[in-house]
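See below for the structure under consideration.
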Amino acid sequence: DIPMPDPIPKEEIKEPPKPKEAKKVPVVKSDKIIERKTPGEIIKKPQQKKETLKTTDPQLTPDEIKKLLDMEATPSDTTNVPGENERCLYMMKETLYKAWIRPSASNKTAKPAVIEIRLGSSGAVLNRRLVSSSGNAELDDSAMAAAAAVPVFKNLTPGFLKKYKTVTIEFELE
Numbered sequence: 199d200i201p202m203p204d205p206i207p208k209e210e211i212k213e214p215p216k217p218k219e220a221k222k223v224p225v226v227k228s229d230k231i232i233e234r235k236t237p238g239e240i241i242k243k244p245q246q247k248k249e250t251l252k253t254t255d256p257q258l259t260p261d262e263i264k265k266l267l268d269m270e271a272t273p274s275d276t277t278n279v280p281g282e283n284e285r286c287l288y289m290m291k292e293t294l295y296k297a298w299i300r301p302s303a304s305n306k307t308a309k310p311a312v313i314e315i316r317l318g319s320s321g322a323v324l325n326r327r328l329v330s331s332s333g334n335a336e337l338d339d340s341a342m343a344a345a346a347a348v349p350v351f352k353n354l355t356p357g358f359l360k361k362y363k364t365v366t367i368e369f370e371l372e
């Protein structure tokens, strides 16, 4: 007799798994628009309209920029406003320079004429004197004449007048 081969086992046919039921998502009322997409797609938010805003910050005039630069302010991303003392010193120098009749530039010297001014508590000039000569008599005399032309400095703060009894100002030809 011939032995019979073992029977080949029959393959069990498995049924494919049933797809899971989608969970119910609660509906929330909102003013946002969301599109339902298939799971592989991205939900996009509605595009917001971009607007360009104009700044309402005050812009400096060329004269204001020049004044700030004269007060030794430096251009930068931050603002550094001069303090009370710097503003008062600047006002004094500006007042004296407006009264100054400059000699001709042909007499320009390397050194400035330096004038010392003694102030009273009200801003009145009590005394003025040349403390350092420029070496040019015409420049020295014109600087002293400018100092004599200003009998009182207005708008100086009490704090400044307390701190600065005497002030020195340089007169130089540019």
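Mapped onto our numbering, the consecutive letters of the sequence shown carry residue numbers 199 to 372. Glycine residues also receive a C-beta, built at the ideal position from the N, C-alpha and C atoms.
- In the DSSP assignment, Thr-355 falls outside any alpha helix (DSSP H) and carries neither an H nor an E.
- Look at the segment 264 to 333 and you find these whole runs of alpha helix (DSSP H), each 4 residues long or longer: 282 to 297.
- Ala-341 is a Cβ neighbour of Ile-313, given a cutoff of 8 Å.
- One Cα belongs to Pro-260, the other to Met-290, and the distance between them is close to 22 Å.
- Within 10 angstroms of the beta-carbon of Ala-335 lie fewer than 16 other beta-carbons, which makes it exposed.
- Ser-319 places its beta carbon less than 8 Å from that of Leu-359.
- Taken atom to atom, the span from the alpha-carbon of Lys-352 to that of Glu-284 is near 15 Å.
- Each residue's CA atom was taken as its position, placing Leu-328 and Ile-263 some 32 Å apart.
- In terms of CA proximity to Glu-368, Ser-331 leads the group Ser-331, Leu-354 and Val-350.
- Taking 8 Å as the cut-off, the beta carbon of Leu-317 is found no closer than this to the beta carbon of Tyr-288.
- With contacts defined by Cβ atoms closer than 8 Å, Asp-338 and Ala-311 form a contacting pair.
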